[in-house]
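Counted from 1, the sequence shown has number 46 at position 46 by the UniProt record's numbering; the numbering is strictly sequential. Beta carbons: idealized from backbone N, C-alpha and C, even for Gly. Just so you know, these numbers come straight off a predicted model, no measurement behind them. Below is one structure; the comments refer to it alone.
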Amino acid sequence: MDPIEFHKNLKGKIEVISRVSIETKEDLSLAYTPGVAKACLAIVEDPSQVYELT
Numbered sequence: 001m002d003p004i005e006f007h008k009n010l011k012g013k014i015e016v017i018s019r020v021s022i023e024t025k026e027d028l029s030l031a032y033t034p035g036v037a038k039a040c041l042a043i044v045e046d047p048s049q050v051y052e053l054t
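Right, dumping it as structure tokens:
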């Protein structure tokens with residue numbers, strides 16, 4: 001297959017899939033903004049938590 005045609009037909013090659021169920025705005029805010037800020041601030045205070053919280 002021609003690489004140009006391959007990329008044209010696929011319309012995106014990367015997919016991001018949530019590891020948690022996101023059904024409400026509250027779910028999203030817990031998993032993403034602003035909820036993720038608490039995890040970031042905890043890592044700033046204690047960098048050893050980086051692999052536990054990310």
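Here E45 carries a helix assignment [DSSP, helix/strand/coil]. The beta carbon of S29 lies closer than 7 Å to those of G35 in the same chain, with the five residues before and after it left out.
The three-state secondary structure of I14, taken from DSSP, is coil. In the same chain as L53, and ignoring 5 residues on each side of it, the C-beta atoms closer than 8 Å to its own belong to A39, A42 and I43, in chain order. In this structure A31 touches V20 by the C-beta definition: roughly 6 Å separates them, less than 8 Å.
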